[in-house]
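Comments concern the structure below.
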Amino acid sequence: GKARLIEGKCIACGARCQSACPVDAIEMSDAGEPIVLSDKCIGCVKCVKVCPAEAIEMFFTPEELKILEELAEQQAAGAAPVVDEEDAEEAALAKMLAAYRGVWVFVEQTEGEPATVSWELMGVGAQLAKEINTELCAIVIGHGVEHLCREAFSYGATKAYLMDQEVFRFYRTEPYLDACCHLIDKYKPEIILMGATGMGRDLAGAVATRVKTGLTADCTGLDVDDKRNLRQTRPAFGGNIMATIMCDKFRPQMATVRPHVMPMSEKKDGAAGEIVREQIALNEADILTKVIEIIRDTKVGIDIAGAEFIVSGGRGMMGPENFAMLQELADELGGVVGASRSAVDAGWMPHDRQVGQTGKTVRPKIYIACGISGAIQHLVGMQDSDVVIAINRDKDAPIFEVATYGIVGDLFQIVPAITNRLRELKA
Ligand code: FAD
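In the UniProt record's numbering, each residue's number is its place in the sequence shown (first place is 1) plus 11.
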């Protein structure tokens, strides 16, 4: 068909039909009415759709009308209905998504010793499972690790998928990847959470790649929307924004979370659950990576991530020598000294003391920030502390927005005053 003007209906709206025409088949008369150039018109109907006065219609030749009639007859006689491609795609997607159910937490272990981040993840996993009315399950892979299934039950899991074989004794990407993918293919979980540790980061990336799904690393917040999509929040663009990422067209939805970001879930000893035992045909000879020897790190470092009291210093400390003052306060509290990235970059403190996005995430009972401005990259690493005390001479410093108690003043006077007061109280 071709477009044509219905006489007397045009309102000279300003040539919307001409702008819509993709092949320049409309010219405008002096009166502002369209003139359709039939030899150029391709019958795309765009001009008809945009006309606000319904002044353009489609005109068909007798041959075209005949074809249209025949098509209408075929449809009326029960010929296959024309399937809307988009609807079909949506239906297929909904069917695929519905096949995946359950929230799984990977229980990380080294020689049978669980990583505490796994139990932290059980807490948030239980909340997610409750919201979407599904079960919370543990994935336990290793050798001689059945006790971890029972421990997972005490932290809230109701089912544990156990893969207990000699080849899983030491963590290596290939066998753990095969084990995880075997479980995913067979039991189709909706959500998988892993700790953002060396092992978790390695395994999660490999699994997501093989099962062709999305993965959000280092999440600081997790919840679900009304379509069962996992809303995965994490700092993005250098920490300047908090992005909420979703993986709405693929399953499982995978996320890693750093240790101490989520609160520890409550332990209920003796809780029961179902253990599902699985095996795969995998021999040591099939695995390229070999563990020759395990050399333990004997260096006793300071664990700021697990500390209950942290006194942190930033660029406002003015130099490395002044951190002794923070150490004195930390000693009185039985805590440790942390630092902002500026202090670490300046060489005043080692990197293992850095708190923040590219350092450690901490959750102490008391966090005292001294001479730290409170950049978002620092805040994401400490804002979940029970109590934050900020000491800064700039009353507008962003650290005060997350502080429970803010002290505006010179830290070189305030910190020794607090230390002395604590000593007096103890004396
Ligand atoms: P400044 O911002 O310079 O603040 C110093 C503060 O000290 C000021 O507020 C000042 O008022 C106060 N002050 C000065 N003298 C005194 C005094 N005598 N008494 C009281 N107050 C005083 N930062 C981190 O900390 N951790 C991270 O993990 C981290 N990761 C990052 C990752 C990326 C990708 C990027 C782009 C940045 C990252 N940063 C990180 C850096 C961050 O953006 C800030 O630059 C940094 O946190 C600032 O450190 P600061 O607060 O010590 O220094």
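Positions of the beta carbon are idealized from the N, C-alpha and C atoms, including for glycine.
Residue i and residue j closer than 8 Å at C-beta
{"i": "valine 104", "j": "lysine 278", "result": "In the sequence on display, residue 104 carries leucine and not valine. No. Outside cutoff."}
{"i": "proline 45", "j": "cysteine 24", "result": "no"}
{"i": "residue 439", "j": "threonine 224", "result": "Shown here, the chain extends from 12 to 438; a query on residue 439 therefore has no answer."}
{"i": "threonine 433", "j": "glutamate 343", "result": "It should be noted that the sequence gives leucine, not threonine, for residue 433. It is a contact, given that the beta carbons lie within the stated cut-off."}
{"i": "lysine 376", "j": "aspartate 397", "result": "yes"}
{"i": "leucine 16", "j": "valine 47", "result": "yes"}
{"i": "valine 268", "j": "glycine 206", "result": "yes"}
{"i": "isoleucine 321", "j": "isoleucine 313", "result": "no"}
{"i": "glycine 385", "j": "isoleucine 425", "result": "no"}
{"i": "valine 118", "j": "leucine 159", "result": "yes"}
{"i": "isoleucine 143", "j": "arginine 239", "result": "yes"}
{"i": "glycine 31", "j": "valine 61", "result": "According to the sequence provided, residue 31 is alanine. The question's glycine does not apply to it. Cβ distance < 8 Å, so alanine 31 and valine 61 count as in contact."}
{"i": "valine 355", "j": "arginine 364", "result": "yes"}
{"i": "leucine 233", "j": "leucine 241", "result": "yes"}
{"i": "isoleucine 202", "j": "proline 263", "result": "yes"}
{"i": "cysteine 230", "j": "arginine 212", "result": "no"}
{"i": "cysteine 148", "j": "alanine 171", "result": "yes"}
{"i": "cysteine 258", "j": "valine 222", "result": "no"}
{"i": "glycine 417", "j": "alanine 401", "result": "yes"}
{"i": "alanine 36", "j": "lysine 51", "result": "yes"}
Best match in the options for proximity to residue i [C-alpha to C-alpha]
{"i": "alanine 274", "options": "Thr72, Ala23, Leu132", "result": "Alanine is not the amino acid found at residue 274; the sequence shown has proline there. Taking only the C-alpha atoms, the option nearest proline 274 is Leu132."}
{"i": "aspartate 189", "options": "Ala171, Leu214, Lys199, Thr208", "result": "Leu214"}
{"i": "glycine 12", "options": "Val34, Met329, Cys55", "result": "Cys55"}
{"i": "glutamate 185", "options": "Ile377, Glu295, Ala386", "result": "Glu295"}
{"i": "tyrosine 378", "options": "Ser165, Leu340, Glu435, Val118", "result": "Leu340"}
{"i": "valine 128", "options": "His158, Ala168, His271", "result": "His271"}
{"i": "leucine 337", "options": "Ala316, Met360, Gly317, Arg352", "result": "Met360"}
{"i": "serine 323", "options": "Glu304, Gly367, Ala292", "result": "Gly367"}
{"i": "threonine 121", "options": "Thr244, Pro73, Arg307", "result": "Arg307"}
{"i": "alanine 168", "options": "Ala283, Arg212, Cys62", "result": "Ala283"}
{"i": "glutamine 243", "options": "Thr255, Asn251, Gly249", "result": "Thr255"}
{"i": "glutamine 388", "options": "Arg364, Lys77, Gly249", "result": "Gly249"}
{"i": "glycine 153", "options": "Met328, Pro33, Arg180", "result": "Arg180"}
{"i": "glutamate 285", "options": "Ala64, Ser165, Asn431, Gly420", "result": "Ser165"}
{"i": "isoleucine 303", "options": "Tyr182, Gly358, Leu226", "result": "Tyr182"}
{"i": "valine 391", "options": "Ala247, Ala31, Val218, Asp95", "result": "Ala247"}
{"i": "cysteine 381", "options": "Pro200, Trp130, Gly325", "result": "Gly325"}
{"i": "alanine 64", "options": "Ala219, Ser40, Ala26, Met39", "result": "Ala26"}
{"i": "glutamate 18", "options": "Ile37, Asp50, Glu68, Ala36", "result": "Glu68"}
{"i": "methionine 393", "options": "Gly420, Gly317, Asp237", "result": "Gly317"}
{"i": "alanine 292", "options": "Glu146, Thr145, Glu177", "result": "Glu177"}
{"i": "phenylalanine 423", "options": "Ala357, Met39, Gly327", "result": "Gly327"}
{"i": "aspartate 236", "options": "Lys199, Val287, Leu139, Pro331", "result": "Leu139"}
{"i": "cysteine 28", "options": "Asp50, Ser40, Lys51, Lys57", "result": "Lys57"}
{"i": "glutamate 157", "options": "Val399, Phe334, Arg288, Ala357", "result": "Arg288"}
{"i": "phenylalanine 70", "options": "Thr309, Ala87, Ser49, Gly89", "result": "Ser49"}
Buried/exposed call for residue i, threshold 16 Cβ in 10 Å
{"i": "lysine 141", "result": "exposed"}
{"i": "methionine 107", "result": "exposed"}
{"i": "glutamate 124", "result": "exposed"}
{"i": "alanine 414", "result": "buried"}
{"i": "leucine 436", "result": "exposed"}
{"i": "tyrosine 187", "result": "buried"}
{"i": "residue 482", "result": "In this structure the chain extends from 12 to 438, so residue 482 is not present and cannot be described."}
{"i": "threonine 369", "result": "exposed"}
{"i": "leucine 173", "result": "buried"}
{"i": "glutamate 162", "result": "buried"}
{"i": "isoleucine 53", "result": "exposed"}
{"i": "serine 276", "result": "buried"}
{"i": "valine 34", "result": "exposed"}
{"i": "glutamine 290", "result": "exposed"}
{"i": "aspartate 175", "result": "buried"}
{"i": "proline 427", "result": "exposed"}
{"i": "glutamate 137", "result": "In the sequence on display, residue 137 carries alanine and not glutamate. Classification of alanine 137: buried, given that the 10 Å Cβ count is 16 or more."}
{"i": "isoleucine 252", "result": "exposed"}
{"i": "alanine 42", "result": "exposed"}
{"i": "threonine 430", "result": "buried"}
{"i": "alanine 99", "result": "exposed"}
{"i": "leucine 194", "result": "buried"}
C-beta neighbour in chain D for residue i, strict 8 Å
{"i": "aspartate 236", "result": "This model lacks chain D altogether, as it is built from one protein chain only."}
**Item:** Residue ranges of each beta strand (DSSP E) within the stretch 199-241, 3 or longer
**Value:** 202-206, 226-230, 232-235
**Asked** Where are the beta strand (DSSP E) runs, 3 residues long or more, that stay fully inside the stretch 37-78, in chain order?
**Response** 37-39, 45-47, 67-70
**the stretch 73-93 in contact with the stretch 109-121 per 3-pair CB rule at 8 Å** = no
**Uninterrupted alpha helix (DSSP H) stretches inside the stretch 127-157 (no shorter than 4 residues)** = 127-142
**Request:** Mind the definition here: the stretch 398-409 touches the stretch 347-360 only if three or more C-beta pairs lie below 8 Å; say whether that holds.
**Result:** no
**Inside the stretch 311-362 only - beta strand (DSSP E) runs reaching at least 3 residues** = 320-324, 347-350
**Contained alpha helix (DSSP H) runs [length at least 4] in the stretch 160-192, N- to C-terminal order** = none
**Minimum length 4: unbroken alpha helix (DSSP H) runs contained in the stretch 360-387** = none
**Prompt:** What are the uninterrupted segments assigned as alpha helix (DSSP H) that are 4 or more residues long and contained completely in the stretch 387-411, given in chain order?
**Reply:** Listed in chain order, the complete alpha helix (DSSP H) runs (minimum 4 residues) inside the stretch 387-411 are 387-393.
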